[in-house]
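Residue numbers (our numbering), protein chains in the order written: chain F, 268 to 470; chain D, 268 to 470.
Even glycine gets a Cβ: it sits at the ideal position worked out from N, Cα and C.
2 protein chains.
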Amino acid sequence: MAERKYHHGDLKNALRTAAAGLIAVHGVERVSLREISQAAGVSHAAAYRHFADKQALLADLAEDGFRQLAEINRRTTATTAGGPVEQLKACGRAYVRFGLERPKVLELMFSQAIPDWSAYPQLSQASAELAGTLASLVAAGQAAGLLRASPIGDVTLTAWSLVHGLTLLIVGRRIPVEDIDDAFVERMSHACVELLVHGIAVG
Amino acid sequence: MAERKYHHGDLKNALRTAAAGLIAVHGVERVSLREISQAAGVSHAAAYRHFADKQALLADLAEDGFRQLAEINRRTTATTAGGPVEQLKACGRAYVRFGLERPKVLELMFSQAIPDWSAYPQLSQASAELAGTLASLVAAGQAAGLLRASPIGDVTLTAWSLVHGLTLLIVGRRIPVEDIDDAFVERMSHACVELLVHGIAVG
DNA sequence: ACCTGAACACCGTTCAAGT
DNA sequence: ACCTGAACACCGTTCAAGT
C-alpha cells in the first residue's frame with residue numbers, strides 16, 4: 268500500500284526507520300541524508316522539517332541505542348540468578364552480544380559521528396541511564412560484600428571499559444585472530460569477564 | 268623559504284605531514300583530501316600520484332600510529348622495573364596517555380575510517396606488532412608464575428580490552444563525569460589497571 | 001615522471017515556491 | 001503546516017593536458 272500523499276503523516280518516524288536500515292547495512296560513515304530521504308520516499312530537503320540537521324537524526328538513533336542497551340541490562344539483571352556478580356557478568360556478555368548483533372549501532376553510539384553531545388541532552392541522559400544500570404549492580408555487589416570496596420566509579424568504569432573495549436576490538440576486527448565466529452566470541456567474552464572478576468594475576 | 272618548484276620533491280611526506288596536522292586538529296571525519304592537498308601546497312589531484320586514494324593515505328597514518336604505540340610499549344617495558352606485571356601495568360597506563368595526547372590518531376586507528384584492512388597488509392602487520400608487545404609481556408608474566416595460566420590470548424585480550432575501552436570512553440567523553448582532567452585520568456587509569464590485575468571481586 | 005585544471009557524480013544545507 | 005526544486009558551496013576521483 269504505497270502512499271502518494273503530499274503530506275507523509277509520520278515522516279519523522281519513516282526517516283528514523285530508513286536511516287536505521289541503511290546504517291545497519293552500510294554504517295554511519297557511508298550513509299547520506301539524501302539517500303535516507305529517498306528511502307523514506309521524500310525529497311532530499313524534507314528531513315529538515317523534522318530534524319535540525321543530519322547529526323540530529325543520528326543523535327536520535329544513538330539515543331535509542333543507549334536506551335536499548337540500558338533495557339537489556341535491566342532485563343538481564345532481572346532474569347539472572349546468583350546475585351550481583353553473576354548479574355554483572357551476564358550484562359557484560361550481553362553487551363558484547365549487542366555489539367555483535369548491531370555493530371553499526373554501537374559504532375554510531377560511540378564514534379565521532381556526533382562529536383559534541385552538549386547539543387543533545389537526551390543523548391547524554393540515555394547514556395547516563397546505561398551507566399546507571401552498571402553502577403547499581405556494582406553498588407549491590409559492594410553492599411553484599413562481593414565486590415571490592417573501591418570507589419564505585421572506579422569499579423564501574425573498569426567493568427564498563429573491559430566489555431566496551433572487547434566489543435569494539437571484536438566488531439572492528441582488530442583482534443589478530445583468523446576466524447571470529449559466534450562460538451569464539453561467546454567463549455572470549457566469558458573468559459574476559461571471568462578474568463575481570465578474579466583478576467589476571469594469580470590467586 | 269617557499270618552494271615554487273613544479274616538482275615538489277617529497278610530496279608524499281608533505282601530504283603525510285599535512286594530513287597528520289589537520290587530523291590532529293579536526294579529526295579524521297572532518298578532513299578532506301582537498302584541504303590536505305592545499306595545505307601541502309599542491310592541487311587537489313596531485314595526491315593521487317602518491318596514494319591510491321584518500322583511504323590509502325589514512326591507512327598510512329594509522330599504520331604509523333600502531334608502530335608508535337608498539338614502540339611506546341617496548342620502551343615502557345625496557346624502562347620499568349619490577350617484572351612483567353609492573354611492566355604490563357605501565358604499558359596500560361601509557362596506552363591511556365597516548366590516547367589522551369593523540370586522540371585523533373587513536374580514533375583514526377580504530378574507527379571505521381578504514382573499514383576493511385585487507386587492502387593494507389602493512390597496517391595489519393603494525394597492529395599485530397602492537398598486540399605482540401602485549402602478548403610477550405603476558406607470556407613473561409605467566410612464565411614467572413605471576414599471571415594466571417589461562418590461554419595467553421585470553422589474558423592478553425582482557426588486558427588490551429580494558430585499557431582500550433577505558434581510553435576510548437575517556438577521549439570520547441563518554442564517561443558521566445563533569446571534569447575529566449589529567450589528574451583524573453592518571454588516577455583512573457591507575458585504579459582500573461590495579462582492578463584488572465587483582466580482580467573486581469573480593470580477595 | 002610529476003602536477004594541474006576541468007569535469008563528473010556526488011554531498012549537506014538553505015530558501016523561495018508549491019500543495 | 002509540510003514538502004519540493006533549484007541553488008550554493010562543498011566533496012572524492014578521473015583524465016587529458018601541461019611542465
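Can you check which of these residues, TYR362/D, HIS317/D, ALA319/D, is closest to ALA337/D by C-alpha distance? TYR362/D
Strand pairing of ALA468/D, partner residues [DSSP]: LEU414/F
Please list the partners that SER378/F has in chain D, where partner means a Cβ-to-Cβ separation under 9 Å. GLU296, GLU374, SER378, GLN379, GLY439
Just to confirm before moving on: does the CB-CB distance between LEU355/D and LEU404/D stay below 8 Å? yes
Interface residues of the segment 389-415 of chain D facing chain F [CB-CB below 7 Å]: SER394, ALA395, ALA398, GLY412, LEU413, LEU414, ARG415
Give a yes or no on whether the C-beta atoms belonging to ASN340/F and LEU289/F are separated by under 8 Å. no
7 Å Cβ shell around ALA313/D - same chain, five flanking residues per side excluded: LEU278, SER304
Hey, is the segment 374-391 of chain D in contact with the segment 321-331 of chain D, meaning 3+ C-beta pairs nearer than 8 Å? yes
Nearest to PHE318/F (by Cα), restricted to the options PHE365/F, TYR387/F, ARG415/F, ARG369/F: TYR387/F
Flag PRO443/D as yes if its beta-carbon sits less than 8 Å from any beta-carbon of chain F, otherwise no. yes
Nearest residue (CA-CA) to LEU300/F, options LEU324/F, VAL292/F, ALA291/F: LEU324/F
ARG342/F versus GLY332/F, VAL438/F, ALA357/F, residue with shortest Cα-Cα distance: ALA357/F
Within-8 Å CB hit, VAL352/D to chain F: yes
Assigned exposure category for SER385/D - 16 Cβ within 10 Å defines buried: exposed
At 4 residues or longer, and completely inside the segment 278-304 of chain D: list those alpha helix (DSSP H) runs for me, N to C. 278-293
Delimiting residues of the alpha helix (DSSP H) encompassing ALA357/F: 351-368
Please decide whether LEU463/D counts as near chain F, where near means a Cβ-Cβ distance under 8 Å. yes
Please look up how many angstroms separate the CB atoms of ALA468/D and LEU462/F, rounded, as I've assumed it's under 8 Å. So it is not a contact: roughly 11 Å between Cβ atoms.
Can you name the start and end residues of the alpha helix (DSSP H) that GLY432/F belongs to? 419-438
Looking at ARG334/D: is its Cβ nearer than 8 Å to the Cβ of GLU396/D? yes
Per-residue contacts from ASP421/D into chain F (C-beta, under 8 Å): MET455, ALA458, CYS459, LEU462
Does any CB atom of chain D fall closer than 8 Å to the CB of GLY466/F? yes
Buried or exposed, going by whether 16 or more other CB atoms sit within 10 Å of the CB of GLY276/F? exposed
Cutoff 8 Å: ALA426/F Cβ touching any chain D Cβ: yes
Quick check: what's the CA-CA separation for ASP448/F versus THR425/F? 26 Å
How many angstroms separate the CA atom of GLY470/F from the CA atom of GLY399/D? 26 Å
Simplified DSSP assignment, three categories, for PRO388/F: helix
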